[in-house]
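Everything on this sheet refers to the single structure shown next.
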Amino acid sequence: MYFLLQKVILPNIDLCTEEQLYFRTQGGKYNYTSRNLLVPRHKVAYFDTFFNAFSIKKWKKYTTLTSLFLRVNIIGRGTITVRHKENGVIRVLKQIDFNSSCNISDEIEIDISKINFGYIYVEWQSDEDSVLNGFEF
């Protein structure tokens, strides 16, 4: 059984438009009308931010969570990297090449059985101009 635990939060004109709280990117452009992030070829979007980092400690402390799925909704070709950061140490949990020409979701399983602290976040390295419509854990 799968449950939605956390959805990516993107800027909203009515709420908060401080993009650095949601994502960091090199040359990317957020579209407030369609609410998606345009990531140019060979650029990276990082989601280790206030709103979008996934706190492992909270979920492990209050639930029996042992694995996590990342569902992504991206149009384009690139590399998805899921990272874990704890005490300043960053390691790769999963890295996959991704290619989608339409607006479909794809699921990626992440083993978190041996992780109890820190947070997990997503990076998107674009191989071509891409549109990030969202992701969720």
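If you read the sequence shown in UniProt numbering, its first letter stands for residue 1, the second for the next number, and so on. We put the beta carbon where it would ideally sit given N, CA and C, even for glycine.
- Annotated as distal: residue 8 and residue 26, with beta-carbon spacing of 7 Å or more.
- About 5 Å separates the CB atoms of residue 5 and residue 137; that is less than 8 Å, so the two are in contact.
- Fully enclosed beta strand (DSSP E) runs of no fewer than 3 residues occupy 29-31, 36-39, 44-46 of the region 7-46, in order along the chain.
- When DSSP states are grouped into helix, strand and coil, residue 114 belongs to the coil group.
- Inclusion of residue 83 and residue 92 in the CB contact set at 7 Å is warranted, their separation being smaller than that value.
- With respect to the 7 Å criterion, residue 120 and residue 54 are classified as neighbours on the basis of their beta carbons.
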